[in-house]
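In this note's numbering, the protein residues as written are 2 to 445.
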């Protein structure tokens, strides 16, 4: 039923969301006199040459040279070449909407798409060349980006977040009855924002539907949230059997399940079910983090601000323990050896999008500059690779090495000496390249 609506909505969507763009392309691009942060080392290389051929890094070294006559040469003297940034927790379709816009009677998938396309372009021009979308109808946006009709990062889509009734992704208006009893989809389900699924059978169907549409991983809600209407922060969501159903269906497709969860009970249940990634985890204790480290479970965390002007007072109050907890969990998880990833999680507050780079810098108290750059490049890329054969792009990301995909940023200066440089991409990112194509150049 939901997929039928989605097909109708996508059929009505035109590709004129944005005018076609004309990125600077050449058969080969040569960066000369650059120092390289390769995504894994603690230091920069000596000045060197990096050759990009088509969409991969073809050669690195002082003797590296192009092989064709059609070449774009970029002198990187005094600059650092590094991998494109990766945000592992985004909502591409909902980071451009306010709660009022989301709830508007005339809201449609087409309107969401138009707003999201503009935000997608801005995200790429901030240096984010890859993102993991953990909730929302981003499949069509991804297709438009991949086909070159819209500018934006590579997207690892989860599809709509799957939630139990009264769970974190139950986005129904209070007047909307359950689909099970009324036979009617909620507005949120109609625009593919989320799916309410109860019981093993419904969870299996919801997961398989997302996979059918192209999900690279599956996102379910396992505990209470701060931006959701019905669930207190302390509640645990989905029974063990329901969680196992999601994991079974994803595992059959050789990919994984990640869960929204804050507290130990929901996280431990998710681990028992076979979940591989925890989103948030701000209220976790040391014993649970030790368990995650032992089992190789990822913690995909954020570093959020206390509040914003647009935030509802109830939400501001509800998130207080989450804000306090993140200051404890980040250093404790790092000390215990938990696999860490980073993301922003901007949702229904469009004014925050421009601060995406600055939110990386909020982790400065807990990481050295080299650790921070590794976290948002090769570290986040390692998490993306958990999708296995469901990974939508062939090739290695998050590193500057021969044979890797050419998602690159040329930074004015040395971000290992001054990590704040990455917080101001408009001033300090002189070149941004995605898939071998220059999408921003200081010469333009």
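Glycine included, each C-beta is placed from N, C-alpha and C at the ideal position.
- Between residue 197 and residue 221, the gap from beta carbon to beta carbon reaches 8 angstroms or more.
- Taking the Cα positions, residue 214 is about 7 angstroms away from residue 140.
- Using a C-beta cut-off of 8 angstroms, the stretch 127-146 makes contact with the stretch 84-104, since at least three inter-stretch Cβ pairs fall below that distance.
- Between the stretch 170-187 and the stretch 114-128 there are fewer than three inter-stretch CB-CB distances shorter than 8 angstroms, so the stretches are not counted as touching.
- In this structure, DSSP gives residue 29 an extended state, which the three-state scheme calls strand.
- With contacts defined as CB atoms closer than 8 angstroms, residue 270 and residue 289 fail to qualify as a contacting pair.
- Residue 424 sits close to residue 359, with the two beta carbons spaced by under 8 angstroms.
- For residue 103, the enclosing alpha helix (DSSP H) starts and ends at 100-104.
- Within the stretch 113-193, the runs of beta strand (DSSP E) that reach at least 3 residues and sit entirely inside it are, in chain order, 129-134, 155-158 and 162-164.
- Contact annotation: residue 148 and residue 391 have beta-carbon atoms that are not nearer than 8 angstroms.
- Nearest to residue 351 by C-alpha distance, out of 121, 60, 85 and 46, is 121.
- Secondary structure remark: continuous beta strand (DSSP E) runs of at least 3 residues inside the stretch 292-365, in chain order: 299-302 and 340-343.
- DSSP places residue 74 in the uninterrupted beta strand (DSSP E) bounded by 72-76.
- The beta carbons of residue 38 and residue 384 sit no closer together than 8 angstroms.
- Counting C-beta atoms within 10 angstroms of its own C-beta, residue 432 has 16 or more neighbours from the protein chains shown and is therefore classed as buried.
- Here residue 255 is exposed: its Cβ has fewer than 16 other Cβ atoms, across all protein chains shown, within 10 Å.
- Beta-bridge pairing by DSSP links residue 58 to 53.
- Membership of residue 410 in the beta strand (DSSP E) is indicated by the continuous run 409-413.
- The shortest C-alpha to C-alpha distance from residue 108 to any of 29, 233 and 194 is the one to 194.
- In the three-state reduction of the DSSP assignment, residue 82 falls in the strand class.
- For the options 436, 130 and 441, the alpha carbon positioned closest to that of residue 57 is the one of 436.
- Taking 3 residues as the minimum length, the beta strand (DSSP E) runs contained wholly in the stretch 195-257 are 195-197 and 219-222, in order along the chain.
- Shown here, residue 397 sits in coil according to DSSP, grouped into three states, outside any helix or strand.
- The DSSP-derived three-state label of residue 262 is strand.
- Annotated three-state conformation of residue 285 is coil, per DSSP.
- Excluding the 5 residues flanking it on each side, residue 322 has same chain C-beta neighbours closer than 8 angstroms at 234, 283 and 284, in chain order.
- Following the DSSP letters along the chain, one finds residue 435 in no alpha helix (DSSP H) but inside the beta strand (DSSP E) bounded by residues 430-435.
- Cβ neighbours of residue 231 within its own chain (closer than 7 angstroms, five residues either side excluded): 167 and 171.
- In terms of Cα proximity to residue 175, the closest of 405, 188 and 317 is 188.
- In this structure, residue 32 lies away from residue 88, with their beta-carbon atoms at least 8 angstroms apart.
- With a 10 Å radius around the Cβ and a threshold of 16 neighbouring Cβ atoms, residue 143 comes out buried.
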